[in-house]
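Notes follow the structure.
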Amino acid sequence: MKAVTIRGVEPEVAEKLKIAARKQGKSVNYIILEIIKTSLGFKKEKKFSRKYDDLDDLFGRWNDDEFKKIDDSITTQRQIDQELWK
């Protein structure tokens, strides 16, 4: 793989790259490569990858006690009664 040196990077640009890298948990090198690939058309941006949470209030969540009760109930229902299958 070819190494490329970029000279003349303004301090503000370098700082924004560092912030973006830290925010995404990636290296500055990786962020720069992604920007280059995207701008040259090698990598397409995901347009519909946003997670929506506006319907979360309509759906409930189980706490640990509720989950244990439901899981125990399902586990007992999954027991095969050998007498029924004779």
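Residues are numbered in the numbering used here as their position in the sequence shown, beginning at 1, plus a constant of 278.
From the three backbone atoms N, C-alpha and C, an ideal C-beta is built for every residue, glycine too.
The alpha helix (DSSP H) with D342 in it runs from where to where? Position 64 of the sequence shown, counting from 1, holds the residue named residue 342. 342–355 is the span of the alpha helix (DSSP H), which, as asked, contains D342.
Count the other CB atoms, across all protein chains shown, that sit within 10 Å of the CB of I297; report buried if there are 16 or more and exposed otherwise. Here residue 297 corresponds to residue number 19 of the sequence shown, with the count starting at 1. Its Cβ having fewer than 16 others within 10 Å, I297 is exposed.
With burial defined as no fewer than 16 other Cβ atoms inside 10 Å of the residue's Cβ, what is the status of I314: buried or exposed? Position 36 of the sequence shown holds residue 314. Only exposed fits I314, as fewer than 16 other CB atoms lie within 10 angstroms of its CB.
Helix or strand or just coil, what does DSSP make of V282? Counting from one through the sequence shown, the residue named residue 282 turns up at place 4. Looking at V282 - three-state DSSP - the assignment turns out to be coil, as it is neither helix nor strand.
Are the Cβ atoms of I309 and L295 separated by less than 7 Å? Position 31 of the sequence shown, counted from the first residue, corresponds to residue 309. Position 17 of the sequence shown, counted from the first residue, corresponds to residue 295. In contact: I309 and L295 (Cβ atoms closer than 7 Å).
Is the beta carbon of V306 closer than 7 Å to that of A299? Residue mapping note: residue 299 aligns to position 21 of the sequence shown, counting from 1. Residue mapping note: residue 306 aligns to position 28 of the sequence shown, counting from 1. Contact: yes.
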